[in-house]
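Following: one structure in structure tokens, then a few remarks.
Residue numbers (the numbering used here): 22 to 644.
Next comes the structure, spelled out in structure tokens:
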């Protein structure tokens, strides 16, 4: 196991609304796909420290302390290097995608400023294109830049598939496809490195010179602050809620309106295990919940863009049952997954995967999440069109005909289909919200059939999804295994948060895993791997989203039982302590509090916003 890997939580993220880069505490960019989230990687040393490729601006000496923070209310990242000899700050950002202003290039700007004394730094850019399957050739030239009246370095890395360029003000050497430079960063001095995607590859590297202009950093700062100023949230935990909102915005794809589940692939759910998946796509489920979070905070534009995107997917589907659970950013079907055997994986966690075989699964819950988001959008933002309704009504008819089918479930297990309770609940949600929306708008619908199906689903869940012996709703019909997805039932308005069955379910879920529950040290597991087979080997961490779901369910029950509200607040505060130094979350939390899984994960930040919103309101602020 290589010692050259920084922990997952030792990273910040920057982005341009097309893609995102991970920057670790050493000042190393060790993950970037370009030009889009789901493009092949340019830097992937987080998945293989030797072969993956990186772009580093790091101190030469070892006795340097590193700290990171974001400039307030932005996604502009600052890494501060501190030593006895000197202090320097590395500011990283990506100019935001804005076609109206000619900002369409995927570029990274890295600005180093001396704060005190002198610090020796080393720049090294070592791209490895196409998931390190194509080693680029590098060439350096020196040209006069009339804008700055100075000579600047231009380095171009090219392969058959891609080309990137770097410009800087300092001499650079090329060796084995790597560009390196060492320099003294003295108080008051500044060095800037700009890396940009050259598309097409014949694009001139000199076109990157304009990115060195300091006004671009101010423009980027102003963009993020102006965007965040639209937030209507004024309650407790405002800083964490706004950091989550900024992170979710980073995960939106401005050219299409799609939203990715995470910007990374194959970061493991357990070190050394096989639970490593590609999340760089748009899941109907994840994106629908994200839109709900945006709407709660007043960000209506993002909701409108996603509605346009999902309407296209509905129109393109050959039939309602042909709706895929995930799509590429452009709206295509996700490729069958394959493994990159030449990459070691994060800390030897193999395999590294591209694509996702879950795209072939049947997950009935996506219809409920989709209809719920459309219902809320129609109610709170803008009435949907009749043509969109026609597609939605056909989809609901399909749900009425197929809700009794077994499916693969929300967690995308690979052990075979079952009658998952959460999937049945979301089928009920799909029909329920369609009836509400159709009634509110006076749309034509098969009301009698829909209402009959709604009642049948409800009664079956209460009969088959409830296990009286353990006093809880369970993972699937006939099982005695708990599943954290059932914690969502109250805030999906399927059941009252104070219904005796729901309170009993909460109590069961809060038992420790060895007693059949899901809660350990205030962290919630999706399900107990000792009691159920999900078709995969190894273990996994606690699922962060599920912990926030527990907080939300306890909060709603706690409005009538103060002890539950106190417990909700305690678990929430503890969960905030598992964020990294920048307020970011991966998918899971490991045995010693480490981040596991793809990072940062949209679902975790969505559920944080929702839990904070409800908990703050229950505590009395009235937001």
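Virtual Cβ for every residue (Gly too), placed ideally from N, Cα, C. Keep in mind the model is a prediction, meaning the values are calculated, not measured.
How would you write the range of the alpha helix (DSSP H) that residue 501 sits in, first residue to last? Careful: residue 501 lies outside any alpha helix (DSSP H) and carries neither H nor E.
How far does the beta strand (DSSP E) with residue 427 in it reach, from first residue to last? Taken as a continuous stretch (DSSP letters only), residue 427 belongs to no beta strand (DSSP E), as it is neither H nor E.
Determine the direct distance from the alpha carbon of residue 442 to that of residue 304, and round the result to whole angstroms. 20 angstroms
For residue 131, report the span of its beta strand (DSSP E) as first-last. 128-147
Look up residue 496 in the DSSP assignment and say whether it is helix, strand or coil. Residue 496 falls in the coil class under three-state DSSP.
To the nearest angstrom, how far is the alpha carbon of residue 50 from that of residue 613? 25 angstroms
Is the beta carbon of residue 432 less than 7 angstroms from the beta carbon of residue 585? No.
Assuming contact is defined by CB atoms lying nearer than 7 angstroms, are residue 89 and residue 33 in contact in what I supplied? yes
Could you say if the region 569-585 and the region 61-70 meet the contact criterion of at least three C-beta pairs nearer than 8 angstroms? With a cut-off of 8 angstroms, the region 61-70 and the region 569-585 do not count as touching, because too few Cβ pairs lie within range.
In terms of residues, what are the limits of the beta strand (DSSP E) holding residue 102? 98-103
Does DSSP classify residue 81 as helix, strand or coil? coil
Do residue 42 and residue 282 have their C-beta atoms closer together than 7 angstroms? no
Can you list, in chain order, the stretches of the alpha helix (DSSP H) that have 4 or more residues and sit fully within the region 387-425? 407-423
Taking residue 155 as the reference, give the member of 72, 203 and 386 with the closest Cα. 72
Classify residue 370 as buried or exposed, calling it buried when 16 or more other Cβ atoms lie within 10 Å of its own Cβ. buried
Can you list the alpha helix (DSSP H) stretches of 4 or more residues lying completely in the region 543-624, in chain order? 565-579 and 583-597
N- and C-terminal bounds of the alpha helix (DSSP H) containing residue 313: 305-318
Please classify residue 323: is it buried, with 16 or more other beta-carbons within 10 angstroms of its beta-carbon, or exposed? buried
Residue interval of the beta strand (DSSP E) (run including residue 476): Segment 468-485 is the alpha helix (DSSP H) holding residue 476; no beta strand (DSSP E) there.
What does DSSP give as the partner residues of residue 76 in its beta bridges? 50 and 146
Sorted by chain position, which residues of the same chain lie with C-beta nearer than 6 angstroms to residue 409's C-beta, five sequence neighbours on each side aside? 332
Taking contact to mean at least 3 C-beta pairs separated by less than 8 angstroms, is the region 437-454 in contact with the region 480-487? Here the region 437-454 makes contact with the region 480-487; the two share three or more CB pairs at distances below 8 angstroms.
Counting only the same chain and skipping the five closest in sequence on each side, list residues whose C-beta sits under 6 angstroms from that of residue 217. The answer, listed in chain order, is 126, 128, 186 and 229.
Measuring straight from C-alpha to C-alpha, what distance separates residue 130 and residue 417? Roughly 48 angstroms between the two C-alpha positions.
For residue 142 versus residue 206, is the C-beta distance shorter than 7 angstroms? yes
How far does the alpha helix (DSSP H) with residue 113 in it extend, from its first residue to its last? Unbroken run through residue 113 is the beta strand (DSSP E), 107-114; no alpha helix (DSSP H).
Contact belief for residue 133 with residue 188 at Cβ below 8 angstroms, rounded distance in angstroms: With a Cβ gap of about 14 angstroms, residue 133 and residue 188 do not count as contacting.
Near residue 558, what residues of its chain come up, given a Cβ to Cβ distance below 8 angstroms and the 5 sequence neighbours on each side ignored? Only 294 and 295 meet the Cβ criterion.
Could you pull the start and end residues of the alpha helix (DSSP H) that residue 329 belongs to? Element bounds for residue 329: 321-337.
CB contact flag (residue 429, residue 382, <7 angstroms): yes
Output yes or no for whether 7 angstroms exceeds the beta carbon distance between residue 99 and residue 137. no
When DSSP labels each residue in this structure, what does residue 220 get in the three-state scheme? Residue 220: coil per DSSP, three-state reduction.
Restricting to Cα atoms, I'd like to know which of 144, 172 and 184 is closest to residue 159. 184
State buried or exposed for residue 149, treating a residue as buried only when at least 16 other CB atoms are found within 10 Å of its CB. buried
Quick one: using the 10 Å Cβ neighbour count with 16 as the cut-off for buried, is residue 496 buried or exposed? buried
Is residue 526 near residue 544, with beta carbons less than 7 angstroms apart? Cβ atoms of residue 526 and residue 544: not closer than 7 angstroms.
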